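Contents: one structure, followed by commentary.
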């Protein structure tokens, strides 16, 4: 739209001050690495229990000329096959049927993290995007050929999931992460936190319900859904092509989760089953189904470097705009808080959200009464 939103936009004066950062319980999955060097492997018992795209299939271990081979397989069918022979090694990877083969100069298992960063996952991310976008209210960002690749040992390529979250659902999200800590379906580690963020939604003129074509309706829609302040009253804008829209600048909690490509689909499914991500193309308003409440899956690191990211919903009724998804300093500031402290932060956010909702309803009711004119006393 014509007026460019900026990251300096702040919530309206008088709005309650919400906690800015809330860590969530980390999902830890230690890996077993019996021997350090490939040359030390004598049986399947010497192999790591996880490698890049799967869990060790012990029965796959084979002695081969001057070396050995083995496979690691995921519940969704992803597979890593590793061969070591005469000081040389190779990786054969298969993700949703798309295969890649690479040689590696590594001599130790932990050095395979460097090999991961030489394997560009763009094609795999495209495949994942077609799958997820067909099922969920979620946008998958593509990865360009010259982008840096994020990955680690033992679990391979990393991704970041972001999604706006209502203040009154933060405790439920905290409890979900507690359950995921012991969920056997989640095979790799993950860290996540919540940050108070700013974003923008352009509601294109003539393509949205009447309530979303009026400033008061837009503010009420946002506050009722996410329980956090609008950054300012919505404004009517046009772009260079003459497209008109009501622009809502909003503050809200943004969920930021770091996970692995291997099981991104399972992780998203867990969030959707718990009601934190909506289904695709339902035509329903409100969180988490409406486009402005959709999640986004990004190549790892995009959340810190991407500026002014935006996308339209499928019907081009709304344009979502994020000046930034996250701040690296936020991540550095996390850590050290115990569960009691984190729960206290969440309860504080919920209390302030309840106050904001009540104040917003009251303010609009008073404004409506003034606009319509109050009846004079004594009339009969």
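In this note's numbering, the protein residues as written are 6 to 385.
In this text, a Cβ means the ideal position worked out from N, Cα and C, and glycines have one as well.
Quantities reported herein were computed from a predicted structural model and do not represent experimental measurements.
Counting only runs of 3+ residues, the beta strand (DSSP E) found wholly inside the stretch 68-134 occupies 72-78, 84-90, 93-100, 103-109, in chain order. Comparing alpha-carbon positions, the option among 283, 366, 307, 135 lying closest to residue 169 turns out to be 283.
Nearest in C-alpha terms to residue 211, of all of 228, 177, 194, 250, is 250. Around the CB of residue 223, 16 or more other CB atoms lie within 10 Å, so the residue is classed as buried. By the CB criterion at 7 Å, residue 62 and residue 38 fall outside the cutoff.
Here residue 227 is near residue 255, since their CB atoms are less than 7 Å apart.
The three-state reading of DSSP puts residue 60 in strand, counting E and B together. Where residue 273 is concerned, the enclosing alpha helix (DSSP H) starts and stops at 269-278.
Residue 169 sits in a strand when the DSSP states are folded into three classes.
Inter-residue distance for residue 177 and residue 26 is about 17 Å (C-alpha atoms, whole angstroms). The DSSP assignment places complete beta strand (DSSP E) segments of no fewer than 3 residues inside the stretch 198-270 at 240-243, 249-265, in order along the chain. DSSP places residue 302 inside the beta strand (DSSP E), whose first and last residues are 300-304. Per DSSP, residue 310 is one residue of the alpha helix (DSSP H) stretching across 307-310.
A distance below 8 Å between beta-carbons, with the five flanking residues on each side excluded, links residue 191 to the following residues of its chain, in chain order: 32, 34, 185, 268, 271, 272, 275. According to the DSSP assignment, residue 149 belongs to no beta strand (DSSP E), since it is labelled neither H nor E. One alpha carbon belongs to residue 88, the other to residue 96, and they sit about 7 Å apart.
Going by C-alpha positions, residue 348 is about 52 Å away from residue 72. The beta carbons of residue 127 and residue 171 sit no closer together than 7 Å. For residue 328, no pairing in a beta bridge is given by DSSP. Taking C-alpha positions only, residue 237 is separated from residue 263 by approximately 31 Å. Beta-bridge annotation (DSSP): residue 181 is not paired with any residue. Your pair residue 265 and residue 193 checks out as a contact, with CB atoms roughly 5 Å apart and the cut at 8 Å. Partner residues in the beta bridge of residue 143, as assigned by DSSP, are 300. Only residues of its own chain outside the window of five on either side were considered, and among them 6, 250, 252, 324 have a CB closer than 6 Å to the CB of residue 207, listed in chain order. Here the alpha carbon of residue 230 sits roughly 38 Å from the alpha carbon of residue 151. Judged by DSSP secondary structure, residue 338 falls within the alpha helix (DSSP H) whose first and last residues are 333-338. Between the C-alpha atoms of residue 74 and residue 64 there is a straight-line separation of about 11 Å. Counting other Cβ atoms within 10 Å of its Cβ, residue 293 reaches 16 or more and is therefore classed as buried. Judged by their CB atoms, residue 154 and residue 119 are not nearer to each other than the 7 Å cut-off.
Between residue 362 and residue 23, the CB-CB gap reaches or exceeds 7 Å. Annotation for residue 317: the continuous beta strand (DSSP E) segment containing it runs 314-317. Following the DSSP letters along the chain, one finds residue 28 inside the beta strand (DSSP E) bounded by residues 26-28. Across the structure, residue 36 and residue 129 are spaced so that their CA atoms are roughly 24 Å apart. Annotated as distal: residue 309 and residue 261, with beta-carbon spacing of 7 Å or more.
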